[in-house]
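In this note's numbering, the protein residues as written are 257 to 945.
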C-alpha cells in the first residue's frame, strides 16, 4: 500500500485500498468479534477468562498466518519488552505468576503485530473503533441494568459506583472514556443519520463514565476533550462540537432524574431513553442550523471559551457528584494510600533494580515491605509495576515503546487529515495516563484496547511513510510456531483451572479420593502454580498420604519460597518429622516475609511455645531457649505496634475521609487471648527455668 502526499505532506490517496474500500478482511472481522466480547468476561482480569480469550485469539492467529513486518520503533520496543519478560521468568520470585505475565504480554504483542500488519484501509480502523464503541455501549447498559435492579451481575455496582463487567469502577471509567473518545472520532468523519445515532450512543457512554465516579478519569476528561478540539480539522471539529452540545443537553435533561431513580431504587430507563432521543433531535437541529443553513466556520478559541463557560453549570450537578469532584486533592485517603504503595514499591525496586522480580513480583513481595498491613494484589501504577517485574531494562524498553508511539503519533497528526486517527491517538494517551495511577493494565480487556489502538497508529505511520521505511520481516512459520506454543500452554493452564475447580467441589463434598485425583491433574497441567500443589498436599495429608504431601509442599516452595500456605504446611511437616532445625529456619523466614500479618505471630508463638513445653521434662535449657524466643517475638510486636501508631498519625494527619472500619486493625499487629496467655506463661517459665 502507498499513500500519495500533497505538497504539504498530507495523505491524499491510498492506492491499494481504493479498490477494496468496502471490504473487511475475514481476519479483521474475526478479531473484531473477539474484541467485542472480551469486556463481558469480568474485563479479563481473572486467569480462567483470560486463557479462554488467548486460546480463541491463537486459533484466529493460526488461520490468518502471514509474515509480520517490523517497520517502526514501536514494533522493536514491543518485541524487546516481551523478550525481557520471557528472560526474567528464569529468575522470577514466583514462576507461577511470572509465566502468566509472559503469556499475557506475548498475546498483547502478537495481537499488536498482527493487527498492525493486517490493516489496509481506514474503513478497517472505523470497523474496529465501532466494535469497541458498541461493546462499550453494552457494558454501560449492563451497569445501568444492575443499577436499576433489572438483573443482578456480581460486582457491577460497588458502593453506588458503576463498575459493570469490569468489577472495578476506576478502570471501567477510564475504559469508557477511551471508548467515548473513539466515538467522537467516528462522529467527526460521518454525516446525517449515522452521526445522530452515534451522538445518542456517545450520550449513554458519557452517562456511564459519570456514574463510574472515577476521579482520575474525570480529571482526564477535560484534557482529552481539549486535545480533540485542538487537533481536529474544521469540518470534523464542527461535528464534534454539535455532538458535545447535544450530549450535554441530553445529560442536563436526564441526569438528575436518573440519579434520583438510582437513589430511590427505581428504574430510570425512561429517562435514559428521553435523554437519548433528545440528543438525536438536538444533533439534527444543530446539524441543519450550523452546517447546512449558516455554514459557520468554527474558531477554536471560541470553542475553548464555550467549553469553559459550560463548566459553570457544574454547580447544578447532584451532591454525590459534586462531593466526589470536591474531594479531588492530595489529602484524601485514596491518594495517601496510593503514595504508600508507591513508596513501598520503591523499596522492592531498590532490592531488585536490574533484573526485577519477574511477573507478579508486587503481589508476592509487598507483605515484606509494606508500611502498614494493607491488602492489595496490585501496585496501582503500571510504570512501577513494570519496574518491579522486569527491572531497569524493562522500564527502558517500556519508555522507549511509549516514546515511539508518541513520535509516530506526532508524525501521523502532522501528515494526515483523518480525524479518526486523531481520536485513536488521544484515546491511547488518555488510557496510558490513567495507568500511572491505577492497575488498569491488569485487566486484559483494557490492555487489548490499548495495544489494538497502538496497532492502528503504527498502520497509519506506515501508510504515510511507506516508501521511506526500512522493513524487516518475521516468517509466517516462526509466527505460527510461537502461536501454537502460546495456544498449547494456555490450553493446558485453562484445563488445569477446570480440574482444580472439580477438585475443590469434591473436597467440599468430602470425596477426598476424587479431590486428590483432580488436584493431581490440575497441578500437572498448571505446573508452575504453587497454590495448586499446596491444596493437593493438604488433601493428601488429610487423607493420610504423608510422603506425597511432603513432596508436593516442597515442590510448591521451589516454585515460590514465599508462598504463605506452603511455608505454614512445610513448617508443620518438618516439625512432625522431627526436623526441628529445618522447621525453625523456615519459621524465621516466614516471620521475615510476613512481618505485619497477625497470623504470622500466632503461628510463630504456637510453634516455639509447643516446642518449649515438649522439652520441659527432657531438656530444660532447650525449653528455656524456646520460651525466650516467644518472649522476644512478643517484645518485637510491641515495638512494631508503637511504630505503626506513629506512622498512622503521620499518614492520616489532615485526611478527612479516613474509613475507620478499614484502618482500625491495619496499624497494629493483633494477638488473640490464647496467644497472649502463651506469651505470659512463657515469661513465667523463662524466670523459673
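Ideal Cβ positions, reconstructed from N, Cα and C, are used throughout, including at glycine.
N-terminal and C-terminal residue of the alpha helix (DSSP H) that residue i is part of
{"i": "residue 726", "result": "From DSSP, residue 726 is part of no alpha helix (DSSP H); its letter is neither H nor E."}
{"i": "residue 480", "result": "471 to 487"}
{"i": "residue 823", "result": "820 to 832"}
{"i": "residue 494", "result": "490 to 519"}
{"i": "residue 937", "result": "929 to 944"}
{"i": "residue 287", "result": "282 to 293"}
{"i": "residue 334", "result": "329 to 344"}
{"i": "residue 680", "result": "675 to 690"}
{"i": "residue 791", "result": "786 to 799"}
{"i": "residue 643", "result": "638 to 671"}
{"i": "residue 619", "result": "617 to 625"}
{"i": "residue 447", "result": "Run containing residue 447: none; DSSP gives neither H nor E here."}
{"i": "residue 916", "result": "916 to 919"}
{"i": "residue 804", "result": "802 to 815"}
Distance CB(residue i)-CB(residue j) smaller than 8 Å
{"i": "residue 871", "j": "residue 886", "result": "no"}
{"i": "residue 338", "j": "residue 372", "result": "no"}
{"i": "residue 467", "j": "residue 399", "result": "yes"}
{"i": "residue 592", "j": "residue 900", "result": "no"}
{"i": "residue 330", "j": "residue 664", "result": "yes"}
{"i": "residue 524", "j": "residue 404", "result": "yes"}
{"i": "residue 818", "j": "residue 630", "result": "no"}
{"i": "residue 461", "j": "residue 432", "result": "yes"}
{"i": "residue 324", "j": "residue 729", "result": "yes"}
{"i": "residue 883", "j": "residue 941", "result": "yes"}
{"i": "residue 290", "j": "residue 313", "result": "yes"}
{"i": "residue 536", "j": "residue 456", "result": "yes"}
{"i": "residue 443", "j": "residue 499", "result": "yes"}
{"i": "residue 292", "j": "residue 366", "result": "no"}
{"i": "residue 809", "j": "residue 790", "result": "yes"}
{"i": "residue 464", "j": "residue 396", "result": "yes"}
{"i": "residue 383", "j": "residue 280", "result": "yes"}
{"i": "residue 739", "j": "residue 319", "result": "no"}
{"i": "residue 687", "j": "residue 705", "result": "yes"}
{"i": "residue 511", "j": "residue 435", "result": "no"}
Neighbourhood of residue i by C-beta distance below 7 Å, restricted to the same chain and skipping five residues each side
{"i": "residue 347", "result": "611, 614"}
{"i": "residue 303", "result": "356, 753"}
{"i": "residue 378", "result": "674, 676"}
{"i": "residue 751", "result": "781"}
{"i": "residue 755", "result": "774, 777, 778, 781"}
{"i": "residue 856", "result": "846, 847, 850"}
{"i": "residue 414", "result": "425"}
{"i": "residue 334", "result": "365, 368, 657"}
Cutoff 8 Å: residue i Cβ touching any chain D Cβ
{"i": "residue 438", "result": "Absent from the structure is chain D; it holds one protein chain and no more."}
Cβ neighbours of residue i in the same chain (closer than 8 Å, five flanking residues each side left out)
{"i": "residue 603", "result": "625"}
{"i": "residue 769", "result": "799"}
{"i": "residue 911", "result": "587, 588, 589, 592"}
{"i": "residue 667", "result": "717, 720, 721"}
{"i": "residue 650", "result": "337, 340, 341, 344, 612, 642, 643"}
Same chain, Cβ closer than 6 Å to residue i, neighbours up to 5 away in sequence not counted
{"i": "residue 513", "result": "527"}
{"i": "residue 364", "result": "703, 707"}
{"i": "residue 301", "result": "699"}
{"i": "residue 868", "result": "879, 882, 883"}
{"i": "residue 342", "result": "358"}
{"i": "residue 483", "result": "682"}
{"i": "residue 693", "result": "472"}
Residue environment, residue i, which counts as buried when at least 16 other CB atoms sit within 10 Å
{"i": "residue 450", "result": "exposed"}
{"i": "residue 902", "result": "exposed"}
{"i": "residue 913", "result": "exposed"}
{"i": "residue 657", "result": "buried"}
{"i": "residue 832", "result": "exposed"}
{"i": "residue 917", "result": "exposed"}
{"i": "residue 951", "result": "In the structure displayed, the chain extends from 257 to 945; residue 951 sits before or after that span and is not available."}
{"i": "residue 660", "result": "buried"}
{"i": "residue 925", "result": "buried"}
{"i": "residue 876", "result": "exposed"}
{"i": "residue 295", "result": "buried"}
{"i": "residue 920", "result": "exposed"}
Where residue i falls: helix, strand or coil (DSSP)
{"i": "residue 375", "result": "coil"}
{"i": "residue 413", "result": "strand"}
{"i": "residue 275", "result": "Unreliable positioning characterises residue 275 in this predicted model, as indicated by a pLDDT of 48, which lies under 50. The coordinate reading is nonetheless provided below. Note: residue 275 maps to helix in three-state DSSP."}
{"i": "residue 926", "result": "coil"}
Extent of the continuous beta strand (DSSP E) to which residue i belongs
{"i": "residue 326", "result": "324 to 326"}
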